[in-house]
Amino acid sequence: TKESVFGLDYLPGSHNFLYVSDKGGNENDHIFLQTTAGAVKDLTGGEKEKAQFINWTRSGNAFYYTSNIRDPKFFDLYKTDTLAWKPSMIYKNENGFDFAAISDDENFLVQVQNITTSANNMFLVDRSTKKITKLSSDTAEAVYYPMQFSKDNGSLYYLTDEGSEYQYLARYDIASGKKEKIYSTNWDVMYLSLSFNEKYRVIGVNEDGSNKIYIFDHQTGKPLDIPKIDDGDILGVLFSRSENKMRLSVGSSKSPNNIYVYDFTTKDLKKITNTLNPELKAEDLVSAEVVKYRSFDGLEIPAIYYKPHQAGKDAKVPAIVWVHGGPGGQSRSGYNPLIQYLVNHGYAILAVNNRGSSGYGKSFFKMDNRNHGDKDLKDCIWGKRYLASLPYVDSSKIGIMGGSYGGYMTLAALSFHPDEFKMGVDLFGVANWLRTLKEVPPYWESFRKALYEEIGDPNTADTVRLKQYSPLLHADQITKPLMVLQGANDPRVLKVESDEVVAAVKKKGVPVEYLVFPDEGHGFIKKENEIKGYGEILKFLDKHLKADAPKNKLN
38 TKESVFGLDY LPGSHNFLYV SDKGGNENDH IFLQTTAGAV KDLTGGEKEK
88 AQFINWTRSG NAFYYTSNIR DPKFFDLYKT DTLAWKPSMI YKNENGFDFA
138 AISDDENFLV QVQNITTSAN NMFLVDRSTK KITKLSSDTA EAVYYPMQFS
188 KDNGSLYYLT DEGSEYQYLA RYDIASGKKE KIYSTNWDVM YLSLSFNEKY
238 RVIGVNEDGS NKIYIFDHQT GKPLDIPKID DGDILGVLFS RSENKMRLSV
288 GSSKSPNNIY VYDFTTKDLK KITNTLNPEL KAEDLVSAEV VKYRSFDGLE
338 IPAIYYKPHQ AGKDAKVPAI VWVHGGPGGQ SRSGYNPLIQ YLVNHGYAIL
388 AVNNRGSSGY GKSFFKMDNR NHGDKDLKDC IWGKRYLASL PYVDSSKIGI
438 MGGSYGGYMT LAALSFHPDE FKMGVDLFGV ANWLRTLKEV PPYWESFRKA
488 LYEEIGDPNT ADTVRLKQYS PLLHADQITK PLMVLQGAND PRVLKVESDE
538 VVAAVKKKGV PVEYLVFPDE GHGFIKKENE IKGYGEILKF LDKHLKADAP
588 KNKLN
């Protein structure tokens with residue numbers, strides 16, 4: 038296929054597997070079956086259908102997925118068996134809430150209703166009695182993320198920050214209605230994984246932008262030790278059905294994700310893959326470093342810093358403030374090929390986790406609500422000042438770049454603070470909040486209210502503020518060189534956003550470069566496009582941040 042594909046899982050006991058793919062980045066994901074004989078079958082055939090794989094049944098002879106084929110705004114729950122490969126609807130979603138989990142006996146399922154980005158409702162649906170029970174608080178502002186039901190179908194495990202600054206693991210007993218806190222710490226708990234027969238429990242915790250895991254005997258609660266992985270960001274784990282082994286998906290700042298396997302019997306942890314391109318030398322890459330600095334109002338801002346090998350007191354280097362997507366995302370310590378590419382070519386990079394970022398408590402997360410492009414942007418400007426304070430950074434050669442919401446922040450920086458940064462690179466960033474908020478994809482319907490609550494409702498008096506912080510409407514203030522990259526099929530940030538901001542900047546006579554990928558959506562997935570995009574970004578940076586630009590080549 039010419040489209041990007043993402044593996045889901047092997048069929049239990051088989052080398053046939055499932056994968057997901059869309060067309061040109063349109064985000065209408067379909068689930069495909071790939072056989073060892075080379076045959077490919079689209080299991081979700083609606084042209085505009087978007088399907089999301091959930092998990093296998095406990096027996097392994099069927100899987101669950103959600104689909105919006107009936108109504109573009111709502112996702113119903115389906116089950117497909119691996120013999121006939123015919124889907125059957127398990128639950129018709131008439132309330133528009135998001136499906137989250139289903140019990141092994143299929144009697145209970147959980148739905149989540151988005152209220153704001155800091156609060157949602159969680160409901161338990163009893164399919165036999167048709168009873169719907171609200172499990173979330175009526176008074177506390179909190180989020181709830183259902184994880185899974187217990188093997189006996191009697192309990193629901195979920196994450197929440199109810200009554201806490203950070204997310205913790207809790208359990209709801211269906212028969213008694215009692216809730217119990219299982220595990221909490223001063224970081225967000227991100228995931229739970231129970232082994233097949235619930236011998237082991239693994240809890241993933243986001244500690245300063247990197248996931249650490251904690252393993253327990255599930256019945257006794259006794260903690261268990263496994264060998265540590267240096268620079269390891271453990272994105273998820275999966276147990277063998279025998280419960281003798283555990284697979285770990287591990288990221289690191291100097292390598293794409295790798296697979297490790299831990300043997301509970303021998304206590305041996307073995308690295309199975311080595312995904313770093315053999316043309317690259319690990320020692321040429323740099324390790325991510327967590328740093329903190331004070332912003333304009335004294336607030337401590339966490340960031341991930343990458344110092345190039347070329348930097349030294351006698352060799353000052355240019356630098357980039359990198360802004361993550363979202364709003365509400367987080368720059369993490371895992372592998373970022375574009376960052377490593379630029380650092381390898383001599384750029385210091387500070388990946389800022391401005392106020393409003395996730396991972397640092399819900400108070401920090403809510404600090405940018407209805408204040409986007411203002412205080413969170415100032416955090417990025419103070420990030421520039423942090424870079425300028427480093428003895429080996431050339432303070433006159435600092436730019437800003439980011440993708441999606443980070444692209445918006447780049448445009449906002451050049452529009453509202455035109456003298457701060459030397460240049461900017463905007464990757465598919467929002468330029469006009471009024472249009473973007475009105476044109477959200479139909480399958481975001483359940484999230485629309487929460488999005489409007491955080492950023493603003495374009496159909497109300499919020500339009501005044503949305504206009505004030507839309508860079509397109511202030512593009513005449515941009516005076517520094519700008520590069521824009523955009524996917525033609527982007528359903529989130531429409532191509533017209535980038536078209537218009539490029540035209541406005543060009544009209545002012547400001548240097549602007551524009552690169553459009555006709556076969557991409559919100560983000561660049563195809564390898565040839567990544568290579569081209571990275572190369573063009575480097576040439577642009579060298580042109581505007583380096584007086585003596587080196588010859589551009591992929592290292």
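Quick note, this note's numbering runs 37 ahead of the 1-based positions in the sequence shown.
Note that beta-carbon positions come from the ideal geometry of N, C-alpha and C, so glycine has one too.
The beta strand (DSSP E) spanning G44 covers which residue range? V42 to Y47
Quick check on DSSP: helix, strand or coil for L522? strand
Give me the Cβ distance between F136 and Q148, rounded to the nearest whole Å; I'm assuming they're in contact under 8 Å. 6 Å
Three-state secondary structure assigned by DSSP to T166: coil
With respect to the beta strand (DSSP E) encompassing D431, which residues constitute its N-terminal and C-terminal limits? V430 to G440
Which word fits L120, buried or exposed, when buried means at least 16 other C-beta atoms lie within 10 angstroms of its C-beta? exposed
Where does N92 fall in DSSP's three states? strand
Cβ shell of A586 (< 7 Å), same chain only, five flanking positions each side left out: Confidence is the limiting factor: at A586 the pLDDT is only 40, short of 50, which leaves the residue's position unreliable, though a coordinate-based value still follows. So the qualifying residues of the chain are D579 and K580.
Pairwise C-alpha distance: E86 and N65: 6 Å
Should H67 go down as buried or exposed, given a rule of 16 or more other Cβ atoms within 10 Å for buried? buried
Which same chain residues end up closer than 8 Å to N53 when comparing Cβ atoms and leaving out the 5 residues on each side of it in sequence? Y47, L70, Q71, T72 and T73
Starting from the N-terminal side, write out each stretch of the alpha helix (DSSP H) that is 4 residues or longer and does not extend beyond the segment 335-411. 374-381 and 399-402
For R407 versus D463, is the C-beta distance shorter than 9 Å? no
Opposite G288 in the DSSP bridges: which residues? D270
Does M446 come out as helix, strand or coil in the three-state DSSP assignment? helix
For D245, which of helix, strand or coil comes out of DSSP? coil
Reduced DSSP category for A212 - H, G, I as helix; E, B as strand; rest coil: coil
Tell me the residue span of the alpha helix (DSSP H) that contains L582. K564 to L582
Beta-bridge pairing of G461 - partner residues as DSSP gives them: I437 and L519
Less than 7 Å between C-beta atoms, sequence neighbours within five positions excluded: which residues of the same chain meet that for A348? V354, A385 and Y429
Give me the Cα-Cα distance between V538 and L509, rounded to the nearest whole angstrom. 5 Å
Tell me, which residues are paired with K259 by DSSP? Per DSSP, none; premise fails for K259.
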